[in-house]
Amino acid sequence: QVQFVESGGGLVQPGGSLRLSCLASGSLFSSYPLGWYRQAPGKQRKLVASISSDARTNYYVDSVKGRFTIARDNARRTLYLQMNSLNTEDTAVYYCNKLPVASWGQGTQVTVSS
Numbered sequence: 053q054v055q056f057v058e059s060g061g062g063l064v065q066p067g068g069s070l071r072l073s074c075l076a077s078g079s080l081f082s083s084y085p086l087g088w089y090r091q092a093p094g095k096q097r098k099l100v101a102s103i104s105s106d107a108r109t110n111y112y113v114d115s116v117k118g119r120f121t122i123a124r125d126n127a128r129r130t131l132y133l134q135m136n137s138l139n140t141e142d143t144a145v146y147y148c149n150k151l152p153v154a155s156w157g158q159g160t161q162v163t164v165s166s
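If you're matching positions, the sequence shown starts at 53 in this note's numbering and goes up one per residue.
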């Protein structure tokens, strides 16, 4: 079963940038679409960006369009999320997963604060 390990989170000031990475186990990484999800305190976990298995099709929730970029490297079994122009509403634990979801990793905390 595929497993995911997220990294790259941290504390950043408003307007700053972070790049998240997600390393997946398993040999079928290139065969399924992937997504980045986030869960803010007291809120449900939601999908913010996704990418097709061949990386030709991306989806972004409206609140991150133009600021976040999702990418994947199938050879390295790694998913990325470049986050620019961060604001306080982006504060959350970020998770990666396949679509449909499998088991969840531990996530990586992103805190945007001055």
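No residue lacks a Cβ here, since even glycine has one placed at the ideal position from N, Cα and C.
With distances taken Cα to Cα, identify the nearest neighbour of residue i among the options.
| i | options | result |
| --- | --- | --- |
| glycine 94 | Glu141, Pro152, Thr130 | Glu141 |
| aspartate 106 | Tyr84, Asp114, Gln91 | Tyr84 |
| leucine 63 | Asn110, Lys117, Val54, Asn139 | Asn139 |
| glycine 159 | Ser82, Leu133, Arg119 | Leu133 |
Which value, in whole angstroms, describes the spacing of the CA atoms of residue i and residue j?
| i | j | result |
| --- | --- | --- |
| glycine 68 | serine 77 | 30 Å |
| asparagine 149 | phenylalanine 56 | 7 Å |
| valine 164 | leucine 70 | 10 Å |
| threonine 130 | serine 166 | 30 Å |
| alanine 154 | valine 116 | 24 Å |
| alanine 144 | threonine 109 | 25 Å |
Looking at the secondary structure, which residues open and close the beta strand (DSSP E) in which residue i lies?
| i | result |
| --- | --- |
| tyrosine 89 | 86-91 |
| alanine 168 | Here the chain comprises residues numbered 53 to 166, so residue 168 is not present and cannot be evaluated. |
| valine 113 | Segment: none, valine 113 is in no beta strand (DSSP E) and carries neither H nor E. |
| glutamine 161 | 160-164 |
Hey, would you say the C-beta of residue i is under 7 Å away from at least one heavy atom of the ligand HEM?
| i | result |
| --- | --- |
| tryptophan 156 | Because no ligand of any kind appears in the structure shown, any question about the ligand HEM cannot be addressed here. |
In chain order, each beta strand (DSSP E) run of at least 3 residues that lies wholly inside the segment 54-78: Correct list: 56-59, 62-64, 70-76.
Runs of beta strand (DSSP E) lying entirely within the segment 116-147, each at least 3 residues, in chain order: Listed in chain order, they are 120-125, 130-135.
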